[in-house]
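One structure is given below, encoded as structure tokens.
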């Protein structure tokens, strides 16, 4: 049905949950910054169409910064999409299976990229013939690698056939010191490849994190030692079997930079076969590492314990520990040992050692987690046992030494003979059993939701857990609710922590729940909120509801279905529930509706209702049934008396916010009344299950005619043109905002001219204007044409948005409407905007009468593929102050019109990389004519069209107010090997550059100067450094820019700029506001060692 209104569809967007297709015109989607494409179900033959529509969307949104894709598209299409049409992309997340030439893809990512995540990549080396220049676009990717100086994070999960280091080398060389996160390939493989290591070293990347899952099990002790030695690791996370003799020695010798050390046993206990890393080794690490924050050594083997006496042999270098998990061995004396026994250790000596160790722990004032508990494996039996040679953890043994650990959040002393508690004799047998079945306290738990099945339904599944909670537990939802409500033991457990069921919601109940279950829940718990389906309320549940409704504040019954609930029951609830705030029983059919007779049977107990949603049955006498001779007159008056009493009852609810007693969208299947809805200010009519149009229109009319104060109307359902015309122009005298978010076809001229005089905002999303036949306008009986021919006044109109098609366009479609507007009209947009500009001679006169001026021309008002002649018409017939266009919109005629009508310009922004008729000389002409120009951006002009130095010097610039310059400048440079002593070509080139820089230096208000960037031909994918560019040295005239005191950003990336330390220091001295200089490291000639050292010493992260 949409094809007749939208002949060209631009994109299909999908709902990722249900795969539902929806139709959009992407002409309005031209300012997207984030685009996420999710998987949808399509037929194989629709895949190409989908890719074309995605391309259309992306090409109209060059400002996209974040791109996430979870659907599978062709490799060639993906490469072209990302590398050619997303010049501002910063965050790329390919959350899909992807197969192709990874090397070419990475090397051609946009220069703005900051984060890359590739979830599942299968790298396939292209066939040799694929490199032929006549092959597809994917094979035409640039041989020159783009710069990726902004890249901060690179994460890849990949499979590379015959993994080769050259896949990543050139890409990594194109990055900068900003790269801080590099995950997926693993340091082991990267460090084994010299080319990878050199590439990372060239950009200053340093490996700082070594994770256990990145080291293969087959890696030798020697290789692991070499890896540990190769980089200043800050974080190490290893398995115990990684640390054999050589690796352990390397760790001890290179632990100075460690902040976190984690060593755990593997899941397969058979692999734990090395004892080279012991407690003594840990003490050595603690005595050498000054900045260690976390030490986590998890193993049940005793050699991995730290011995207290060893710990006391040397001081710990760190005082910053926050996380310490390790077992401590301490000599202990037990009751069966006496002083006379040979080899007995004095108890006092043992406690002195423990106190000294606890004092050492007490110095770690930042400590948050202390874990010294856990079972160990017996040397004799090989079975797990409690720690006995461990810290006593009593005050006698020095527990008070930990008094300064004010940040401590968690301490673990389980499976230890810790002597904490009233018994000085150690653990009693029942205590030991309790420790084996220890339940952690959950006193912070506030909300619990369980969904699923509890097989066997044993009572103790949840009892101990619930007993471990506290009175903070306020919410317990999910499918386990109905089961828990049946079991007394669980109810007692909840009661012990002060929990009571106060809410029952339909999400926690299945449709199959029995009537008796619902009745039991309602009876046994003081519920304040009930939300159920109609089908759940059988006779038992309804009886329980009515008898236990005293505490109710909310009752919400949803969905059509058979139920025992009737209007009389609702009245009983209203007469008993004193605190009721919301009663929603929208779906009751006519047989169960609440009647006025029910309502008047008793008074309502509540006066605090805020939300009423139920239908009321009122005896009515319709107008056509009343005659003067009929006793129905008295009957009609009686009906009105009843309605007045009813409204008086409703009027007592002074807190009422929402009153719904009818359904204008769907309508009741058997009866319908809108008599109580007479004070609406806002009306939204959305798409519903379609009834007959005449019946639906009739109900809408009945509602609208009883609400003359409607101010806001939004329609998303399809309505007949004549019905909509009459509805808006005849029955909404107070309408202020109109939003037609639906396809609409009709006489636009007549509709607009007869809008209410109170109208302030009009939005029409999809209009197809159809001029009426001549005979139609003369038909007196047609209801739509019964509207007055006299155009109403629309002086309150502030905003007008019209998007659509004007078939057989005539200049007078909007003329009379514009003449009826006033000076309050400030905004006019949509595709109708462009049509009005084309008919500028008549529309301008009408708009000028109240001071409306066209000032800005931006992409939302332009179709991306406007013809050259149409674009020229638009540019030529108005004094624009701001213009944003695409390069391919600028043909020969459009360029001529732009240049001839540029005198009022303040902003000119030319987007996209395409061949165009616009040349550098045209930009110079604009600069020499536009006196008030503040921003000129033409970054994407290709090499043949750049603004040359000779163009710039051919005439003076009319403006001195430029704040933003973004275009490339072509300067004749002399190559180094061509310079001779006698040749004056070098000095001539520098003299020209000084004059150009002098011209730039006259722009004292300049804030952004962007002259860097790659040059290339959009017909190929060949991109290169700028060689014929400004040298940007003091010898070439950099000092001519001394007066740019407002300059904040300088971009000279991908240029042969020759900037050295002397130039950097000059910039700091002369540009007080400069915060970012881009391209220092991204130069045709690699920066010198002195430049890199200067950047490192001066701590300027935005100078790169």
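Residue numbers (full-length UniProt numbering): 1 to 1104.
Positions of the beta carbon are idealized from the N, C-alpha and C atoms, including for glycine.
task = Go to residue 520, then tell me how far its beta strand (DSSP E) extends in each direction, as first and last residue.
result = Looking up residue 520 in the chain shown gives position 520. Per DSSP, residue 520 belongs to no beta strand (DSSP E); it is in the alpha helix (DSSP H), 515 to 524.
inquiry  = My assumption, with CB atoms under 8 Å, is that residue 969 sits in contact with residue 946. Please give the rounded CB distance.
reply    = The sequence position of residue 969 within the chain shown is 969, counting from 1. The sequence position of residue 946 within the chain shown is 946, counting from 1. Separation of the CB atoms of residue 969 and residue 946 is rounded to 7 Å, and the pair is thereby assigned contact status at 8 Å.
key: Beta-carbon proximity list for residue 307, same chain, < 6 Å, skipping 5 on both sides   = Mapped onto the chain shown, residue 307 falls at position 307. 279 and 329.
task = Could you give the DSSP three-state label for residue 826: helix, strand or coil?
result = As a first step, residue 826 must be located in the chain shown, where it is residue number 826. It is coil, neither helix nor strand.
query = Per DSSP, residue 611 is paired with what?
reply = Residue mapping note: residue 611 aligns to position 611 of the chain shown, counting from 1. Note: residue 611 sits in a beta bridge opposite 582 and 658.
DSSP beta-bridge partners of residue 969 = Against the chain shown, residue 969 aligns to sequence position 969. 947, per the DSSP bridge assignment.
message = Using the three-state DSSP reduction, which class does residue 148 fall into: helix, strand or coil?
response = The residue given as residue 148 occupies position 148 in the chain shown. Reduced to three states, the DSSP call for residue 148 is strand.
task = Could you say if the segment 915 to 927 and the segment 58 to 72 meet the contact criterion of at least three C-beta pairs nearer than 8 Å?
result = no
query = Hey, quick one: how far does the beta strand (DSSP E) through residue 1059 stretch, first residue to last?
reply = As a working note, residue 1059 is residue 1059 in the chain shown. Looking at the DSSP string, residue 1059 is not in any beta strand (DSSP E), and its letter there is neither H nor E.
key: Distance, residue 240 Cα to residue 357 Cα   = What you label residue 357 is simply residue 357 of the chain shown in a count that begins at 1. What you label residue 240 is simply residue 240 of the chain shown in a count that begins at 1. Straight-line spacing of the CA atoms in residue 357 and residue 240 works out to 25 Å.
request  = Note down, in chain order, each residue of its chain lying with its Cβ closer than 8 Å to the Cβ of residue 168, except the 5 sequence neighbours on either side.
outcome  = As a first step, residue 168 must be located in the chain shown, where it is residue number 168. Counting only Cβ-Cβ distances below 8 Å, and skipping sequence neighbours, we find 103, 106, 185, 196 and 199.
request  = Return the chain-ordered list of same chain residues with a C-beta closer than 8 Å to the C-beta of residue 361, the five sequence neighbours on each side being excluded.
outcome  = Along the chain shown, read from residue 1 onward, the residue named residue 361 stands at position 361. Around residue 361: 324, 367, 370, 401, 402 and 405.
query = Looking only at C-alpha atoms, which of 276, 1055 and 990 sits nearest to residue 1040?
reply = Sequence index remark: in the chain shown, residue 1040 carries index 1040 (1-based). Out of 276, 1055 and 990, 990 has the C-alpha closest to the C-alpha of residue 1040.
ask   = Are there 16 or more other CB atoms within 10 angstroms of the CB of residue 34, so buried, or fewer, so exposed?
value = What you label residue 34 is simply residue 34 of the chain shown in a count that begins at 1. Residue 34 comes out exposed.
inquiry  = Taking 7 Å as the threshold (C-beta atoms), are residue 297 and residue 260 in contact?
reply    = Within the chain shown, residue 260 is the residue found at index 260, counting from 1. Within the chain shown, residue 297 is the residue found at index 297, counting from 1. The Cβ atoms of residue 260 and residue 297 do not sit closer than 7 Å to each other.
ask   = Going by other Cβ atoms of all chains shown within 10 Å of its Cβ, with 16 needed for buried, is residue 709 buried or exposed?
value = Against the chain shown, residue 709 aligns to sequence position 709. The residue is exposed, with fewer than 16 neighbouring Cβ atoms inside 10 Å.
ask   = Can you tell which of 262, 586 and 223 has its C-alpha closest to the C-alpha of residue 245?
value = By 1-based counting over the chain shown, the position of residue 245 is 245. Closest option to residue 245, Cα to Cα, is 223.
message = Quick check on residue 821: buried or exposed, where buried means 16 or more other Cβ atoms within 10 Å of its Cβ?
response = In the chain shown, the residue the question calls residue 821 occupies position 821. Classification for residue 821: buried.
query = Between which two residues does the beta strand (DSSP E) containing residue 350 stretch?
reply = In the chain shown, residue 350 corresponds to position 350, counting from 1. Run containing residue 350: none in the beta strand (DSSP E); it sits in the alpha helix (DSSP H), 347 to 362.
ask   = Near residue 1075, what residues of its chain come up, given a Cβ to Cβ distance below 8 Å and the 5 sequence neighbours on each side ignored?
value = Indexing the chain shown from 1 puts residue 1075 at position 1075. The residues are 1048, 1049 and 1102.
query = How many Å lie between residue 639 and residue 577 at the Cα?
reply = Here residue 639 refers to the residue found at position 639 of the chain shown. Here residue 577 refers to the residue found at position 577 of the chain shown. Cα to Cα, residue 639 sits roughly 29 Å from residue 577.
query = Among the residues of its own chain, which have a CB less than 7 Å from the CB of residue 786, if the five just before and after it don't count?
reply = Residue mapping note: residue 786 aligns to position 786 of the chain shown, counting from 1. Low local confidence applies: a pLDDT of 41 at residue 786 is under 50, so the model's placement there is unreliable, and no value is given.
message = Taking the alpha carbon of residue 532 as the reference point, which residue from 506, 514, 517 and 523 has its own alpha carbon closest?
response = Position 532 of the chain shown, counted from the first residue, corresponds to residue 532. That would be 506, whose Cα lies nearest to the Cα of residue 532.
ask   = Run through DSSP, which three-state label would residue 682 get?
value = As a first step, residue 682 is located in the chain shown; it is residue number 682 there, counting from the start. Strand at residue 682.
key: Cα-Cα separation between residue 637 and residue 555, rounded to whole angstroms   = On the chain shown, residue 637 is found 637 positions in, with the first residue counted as 1. On the chain shown, residue 555 is found 555 positions in, with the first residue counted as 1. Going by the C-alpha atoms only, they are around 34 Å apart.
message = Can you tell me where the alpha helix (DSSP H) holding residue 987 begins and where it ends?
response = Counting from 1 along the chain shown, the entry for residue 987 is found at position 987. Run containing residue 987: 985 to 1001, per the alpha helix (DSSP H) assignment.
task = Just the C-alpha distance for residue 176 and residue 1104, rounded to the nearest angstrom, thanks.
result = Here residue 176 corresponds to residue number 176 of the chain shown, with the count starting at 1. Here residue 1104 corresponds to residue number 1104 of the chain shown, with the count starting at 1. Approximately 8 Å, taken between the alpha carbons.
key: Buried/exposed call for residue 190, threshold 16 Cβ in 10 Å   = Translated into positions along the chain shown, residue 190 becomes position 190. When all chains shown are included, residue 190 counts as buried.
query = Of the residues 187, 63 and 760, which one's Cα is nearest the Cα of residue 31?
reply = The sequence position of residue 31 within the chain shown is 31, counting from 1. Checked all of 187, 63 and 760; the closest Cα to residue 31 is 63.
ask   = Does the segment 989 to 1004 come within contact of the segment 1051 to 1065, defined as at least 3 CB pairs closer than 8 Å?
value = no
key: Element boundaries [beta strand (DSSP E), containing residue 743]   = If you number the chain shown from 1, residue 743 lands on position 743. Per DSSP, residue 743 belongs to the beta strand (DSSP E) from 737 to 746.
ask   = Using DSSP with H/G/I as helix, E/B as strand and the rest coil, what is residue 1046?
value = Indexing the chain shown from 1 puts residue 1046 at position 1046. In this structure, residue 1046 counts as coil in the three-state DSSP scheme.
request  = Taking residue 95 as part of the beta strand (DSSP E), name the residues at either end of that continuous run.
outcome  = For this step, residue 95 is matched to residue 95 along the chain shown. Looking at the DSSP string, the run of the beta strand (DSSP E) that includes residue 95 is 91 to 100.
key: Cross-strand partners of residue 377 (DSSP beta bridge)   = The residue labelled residue 377 in the question sits at position 377 within the chain shown. Per DSSP, 384.
task = Going by DSSP, name the residue or residues bridged to residue 371.
result = Position 371 of the chain shown holds residue 371. Paired residues: 325 and 412.
ask   = In chain order, which continuous runs of the alpha helix (DSSP H) of length 4 or greater are located wholly inside the segment 197 to 281?
value = 221 to 230 and 245 to 253
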